[in-house]
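Step one of this worksheet: look at the structure below.
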Amino acid sequence: MIPLILFILCAALAIAGAIVLIWAHEPIHSALALILVMVALAILYLLLGAPFISAVQIIVYAGAIMVLFVFVIMLLNFGLEERTNFSKLAIPGALLAVVLMAEIAHWLAHSSIGRAMANGPAAPATEASTVELSKMLFRQYLFPFEATSILILIAILGALVLARKES
Amino acid sequence: MEFIYQHPVLVAAIIKIAVLLFIVMTALAYLTWLERKAIAHIQSRWGPYNVGAHGLLQPLADGIKFLFKEDITPPVADKFVYTLAPFLALALGLTAIALIPFGPVRGPGSVPLLGQPAWAVTDINIGLLMLFAITSLGVYGVALAGWSSNSKYPLLGGLRSSAQMISYEVSLTMSVVGVVLVAGTLSFNELIEKQSGAFWHWNVFSVRYGGVPQIVGFLCYLTAAIAETNRVPFDLPEAETELVAGFHTEYSSFKFAMFFMAEYANMITVSCLATILFLGGWLSPFPESWHWQWFLPGAGLLALAAYCAWNTVAEMRGIARLQLGVVTLLAGGGGLLCLIPVVAEHIQGPFWFTTKILAILFFYIWMRATLPRFRYDQLMSFGWKLLLPLSLANLVITALALVLWPLVKHG
Amino acid sequence: MFLLDHLWIILALPLLGSAINGLFGKNFPKSAVNSVAVGSVALSFLSAAEAVREFFLLAPAQIPFVKSYFTWMVGGEASAHPFRVDFALQIDQLTVVMLMVVTFVGMLIHIYSTGYMAHEGGYYRFFSYLNLFMFFMLTLVTGANLIVMFVGWEGVGLCSYLLIGFYFLKKSAADAGKKAFIVTRIGDFGFTVGILMVFATFGTVAFGEIFPQAGNISEPVLTTICILLFTGAIGKSAQLPLYVWLPDAMEGPTPVSALIHAATMVTAGVYMVARMNPLFSRAPVAMLIVAIVGAITAFYSATIGIAQTDIKKVLAYSTVSQLGYMFLACGVGAYSAGIFHLMTHAFFKGLLFLAAGSVIHAMGGEQDMMKMGGLRKKIPVTYWTMFIATLAIAGIPGFAGFFSKDAILEAAKDGPHANFILWLLGVTGAAITSFYMFRLVFLTFFGKPRYDEHKVHVHESPANMTVPLGILAFLSIFGGWFAAPKLIGGLDYFEKFLAPVFASSASAVESAPEAPAEATTPTMALVHSLTGWPVIVGVLGLLVAWYLYIKRPDLPKKWAQSMRGLYLLLLNKYYVDEIYAALIVRPLLWISTNVLWHVVDEGAIDGVVNGTATVARGSGGELRKIQSGNTRSYAAWVILGAVGFTALLFGLLEVAH
Amino acid sequence: MTGAIPISWYLVLSAILFGLGVIAFVFKRNVITVFMSIELMLNAVNLAFVAFARAHDQLDGLVFVFFVIVVAAAEAAVGLAIVIMLAQNRQSLNVERVNLLKL
């Protein structure tokens, strides 16, 4: 009951956020909309029994990445988005995106796997324990983990180099 | 009624939230009073004195003032965001507190409410992460306020604050990770229970789990927390002398009040967190076996009552005498109530928790009264070049200790 | 038994010296460079001596003593004959001789060089190369399998190249270096193929495993292998037709000529043939070829020696001719005689070069004998030592050369593979040798000075040059006396010593005919051997030279006039270089230019490359129309791809289920 | 936290969000917003990951989400630095004005 309400609520919020992201002319508004989507998704993660990921989602995505975006928008402060239309292919692209969605929906509806997922609730409602996750992260996925950490380091350096004023 | 029995969790939560909200709001109000008084006395002034005895009614007056002031919204401002910002700030500030356990949720001292522990609104096993999640959103309040005002000073203030808060959030988290490593849990209750014993088992001093005393982590945390809450000496975003009032220059009336409360709510939150992580939360500093400590709350309140009584008789005149008398009675009554063993037993947790929080809050106020403000570049270099490396070093050393300790112990 | 177990020390020392000098020597003072270079070689000599001492304690069963240090290469373990090469060193009588000769002569020449090169630039470089050469040469002689030997073989080639071109600023020197390298490569190609064939035939390259099987390999195969290996020897030891690089190699510093191009490296071919004797002696045809090549080279290059005026050139051709004798010896099955001559030759030819170097040193770089003369009094030490060496090479009885050369010619006369023609060539060559050697001496040291005595002030060389001369002179006299007892019908101890190495070949040869019957009583034998042809022709050559260059110095010019054609022919070394240039070099150049360059490279290769480029450019020109430089359009394309792919994926998933 | 909701709902939601992200990418002109739409797509994918992780009751999906988030952070860091450069060099954030790569 309550999960269902929560799901519908969050799903609606997420979709609304996404639409606002497209609609808004003001980058900040788009950013806020995106934050909304992320928070909604975080709650959905809770519903899916992944509290850790949910927390990380908020901390890193909403709390760090999006703050960066907002910060940059404020810093540059270019105001409203300018509406030009040089790209002929934008509209077809959008239509294609719709096709993509349709495809997936159709597949979920009609394919055997899709139906298998559709009917019946998800796997037993055991919360993915953070301990298990960390074990996995630091044993099975140790190398990718280290790799990403190095990637982050490089990203930091790259950002520094790029943003530094040449003088 | 039916609903209650179907969803005890929900109902209990709602009740607890309501109560907590009331308490916290009051606490916020009187925190401002405390701050003003403390600073005043440190600077050898009297501070608020006229509204009520010792200015006890000052917060009430302020509140009323804020409510009835005109609420100006700059025409060039981005209305929606301009309105959203303060709500966001306050909401997040208060939500964070919902995760804090003010007393034991199980075992002796815990109080049941519809089968739910009463001393904590929630008890989730990654409370710490969730807390960080919520506080990490706090920056939006400030940043958006700064941006939406659509004027120079607020924008600069907003930029500063977002930069500052992001920078110090890193150190804040890092300094806490040491404790998490030692305790091996993210749940507040487990974090606290693992520190049980006496004060030398608190994470600040403890070597119980083969870690190192988290004293460095504690100091880093306190510093970063001050910056996180935008208070002196890190109150760059609202530096009067430079930016008039920083991000909330354009705000007035109740929206301003909300920012104000949000700031104090954040203070309380970080103090709670410090208490839980480093100072053993609601645990008493003394070994459980010392049962006389149960009477400390009562004794403390009675002492307060005694002081108030003397003060009433000695100094107060007229209406003030009446007001202080009421306070005396309240304190005395509360003290006597707390002397009843059952109550005493169950009041222990909240009592110690509050005491510790007050101590830390006083420390903050003290800082504010003592230290001058940083320059912006100093602030940044301090955060990135000193605080972060320090907290990282603390983390690394703790981790090493945890790895090496078993080897040392078992040869 | 320490050093036997650690033979590598002997090799490692020079390598270390080379490394130190080569890497840090630039900043060393000369004294330091000297001590490193000479010290390392001296130590190497001492350790070699110790190793030899220990070697003599070994029981015959333990010889050859092979020591494998690590498995160097392994290939195709699965197959029946895995290609497996150990880094293994071995020591047996033959190795002992080579070890002692190489290390000792090498040491002397190092000492000599410290004096000779004293005023040269790139001092450290020179000694670094020289030490490196020692290392490779020792690797060559101690290697226990063909591959390790080959490493040494190529290594000495490299050092030879480096040292010939030591004055690389001088074009002729650089060219000479290249020439030496390339010409020897031609031989080495044969050698390499030979090694491969050895492996193909025997399934191994280790001497110890090859030789026992030699008996059960068909003769044609052995012949092929031997000829191929001998090709390598021809190149390395400057035999016909690949000798042309050696005379040019004289561009290098004189000590180099002495060490590499007289005493050690050029004899590697002989050593190799001797080492592989079990194979050769089972391939009579190959033996014959070796003998013929040797004999002809001996005679041929001797004749060239007559007309040369450059002192070092004369010695060079004499070296070629002496090497010819060694091969003649091997060819007629007298390996020990060949090695014997190799040793004595190392002494006296090394001495000759050093002395010549000393002369050049004294003359301030002058090499033309026609501009010398009358140096006898001015540089007595050089004169005497050189004279002794000349006596030795001329085969005058009592000197080292006499014994070895006598042994060779005797073997050619009535050894198992005796052959009159070869013998005749050998004897004639001996006569000519003695003639041009004495010509050299007389022209240099006797008669009137033919140089401007005010310009050139002749001076005797310093002690560190003359002392090696002395030592070598001593050896040039007594170095051959191992064989002395043979004069009185006794035993040739050298031969006896080396016998085990060549035992198998001796057995392969059907019972050797008895020594000539008249050598019955010692006196008779002595008289007989002292009046043998070699001696006679040697003295003859001496007399002729004396008559022509002391008694009637005017005659040579007259004769040169009268027999101009012949004279020019000799003077220009039979125009061999020109012939090679005409027959090989120019056609090669022509083909490279007109076919490989203009047709293959420009036509085919460039054509392909340019074609690719053109195609790429054309298609790119078409494709770039898609590139509107507009992110959103790109995105649209990406989405198209995504949609297609997703559809495909889902389709596949359905099929899968 | 009972999993009463069918996984496919989550998947459909994820698909919708992704599609909206794509549309946003195609429609938005402001570089920063375009970036955001990428983040939106990533989020959609994350949701799918979590949903699948739950469906198969395996944690790997969550680990992937973790990595995706990390990579997104890196991308944002560099990307925004580039955006700043862009804004400095030509006073506009419009992607359609950044088309010098053409021809």
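Chains as they are written, first to last, in our numbering: chain A, 1 to 167; chain B, 1001 to 1411; chain C, 2001 to 2657; chain D, 3001 to 3103.
All residues carry an ideal CB built from backbone N, CA and C; glycine is no exception.
Keep in mind the model is a prediction, meaning the values are calculated, not measured.
- Near chain A, meaning a CB-to-CB distance below 7 Å, the residues of the segment 2624 to 2652 of chain C are Asn2630, Arg2632, Ser2633, Ala2635, Ala2636, Ile2639, Leu2640, Ala2642, Val2643, Thr2646, Ala2647, Phe2650.
- Contact between Thr2264(C) and Met2326(C) is absent: CB atoms are separated by about 13 Å, not below the 8 Å threshold.
- Taking a C-beta distance under 9 Å as the contact criterion, Tyr2549(C) and Gly2447(C) qualify as a contact pair.
- Using a Cβ distance threshold of 9 Å, Val2332(C) and Ala2262(C) do not count as a contacting pair.
- Proximity to Gln1164(B) across His1007(B), Gln1195(B), Phe1382(B), Pro1406(B) peaks at Phe1382(B), based on C-alpha coordinates.
- Contact between the segment 1262 to 1282 of chain B and the segment 1075 to 1085 of chain B is absent: fewer than three C-beta pairs spanning the two stretches fall below 8 Å.
- Among the CB atoms of chain A, one or more fall inside 9 Å of the CB of Leu1010(B).
- For Phe3025(D), the C-beta contacts it makes with chain C under 7 Å involve Ala2635, in order along the chain.
- Going by DSSP, Ser1187(B) is part of no alpha helix (DSSP H) at all; its letter is neither H nor E.
- Exposure of Thr1026(B) is indicated by the presence of fewer than 16 other C-beta atoms within 10 angstroms of its C-beta.
- Under the three-state reduction of DSSP, Lys1069(B) is assigned to coil, being neither helix nor strand.
- Residue ranges of uninterrupted beta strand (DSSP E) with 3 or more members are absent from the segment 2329 to 2364 of chain C; none lies entirely inside it.
- Partner residues in the beta bridge of Arg2084(C), as assigned by DSSP, are Val2074(C).
- Chain order gives no chain A residues near Ala1265(B), where near means a beta carbon separation below 8 Å; the closest approach is about 18 Å.
- When DSSP states are grouped into helix, strand and coil, Pro1117(B) belongs to the strand group.
- Across the segment 29 to 59 of chain A, CB contacts with chain B closer than 9 Å involve His29, Leu32, Ile35, Val39, Ala42, Pro51, Phe52, Ser54, Ala55, Val56, Gln57, Ile58, Ile59, in sequence order along the chain.
- If you draw a straight line from the Cα of Leu2555(C) to the Cα of Ser2562(C), it is about 10 Å long.
- Annotation for Thr2201(C): the continuous alpha helix (DSSP H) segment containing it runs 2171 to 2202.
- Judged by beta-carbon spacing, Lys1356(B) lies within the 9 Å limit of Gly1281(B), meaning their Cβ atoms are closer than that value.
- According to the DSSP secondary-structure assignment, Phe2065(C) is paired through a beta bridge with Ile2091(C).
- Chain B places a beta carbon closer than 9 Å to that of Glu26(A), counting this residue as a contact.
- Gly79(A) sits in coil when the DSSP states are folded into three classes, being neither helix nor strand.
- For Leu21(A), the closest Cβ of chain C is not nearer than 9 Å.
- Looking at Ser1161(B), Ser1196(B), Met1380(B), the one whose alpha-carbon comes closest to that of Leu1283(B) is Ser1196(B).
- Where Lys165(A) is concerned, there is no enclosing alpha helix (DSSP H), because DSSP gives it neither an H nor an E.
- Within the same chain, Ile2304 come within 6 Å of Lys2573(C) by CB-CB distance, once the 5 residues on both sides are set aside.
- Counting other Cβ atoms within 10 Å of its Cβ, Lys2179(C) reaches 16 or more and is therefore classed as buried.
- Around the CB of Leu4(A), fewer than 16 other CB atoms lie within 10 Å, so the residue is classed as exposed.
- Residue pairing by DSSP leaves Asp2248(C) without any beta bridge partner.
- Any Cβ of chain C closer than 9 Å to the Cβ of Leu96(A) would place that residue at the interface, and such an atom is present.
- Rounded to the nearest whole angstrom, the CA to CA distance from Pro2462(C) to Lys2371(C) is 23 Å.
- The alpha carbon of Met2117(C) has as its nearest neighbour, out of Val2427(C), Phe2181(C), Gln2322(C), Gly2252(C), the alpha carbon of Gly2252(C).
- For Asp3060(D) and Ile1042(B), the gap between their C-alpha atoms comes out near 57 Å.
- DSSP links Gly2143(C) through a beta bridge to Leu2089(C).
- Taking the beta carbon of Ala159(A) as reference, no residue of chain B falls within 7 Å; the closest one sits roughly 13 Å away.
- Closer than 9 Å to the CB of Glu3096(D) there is at least one CB belonging to chain C.
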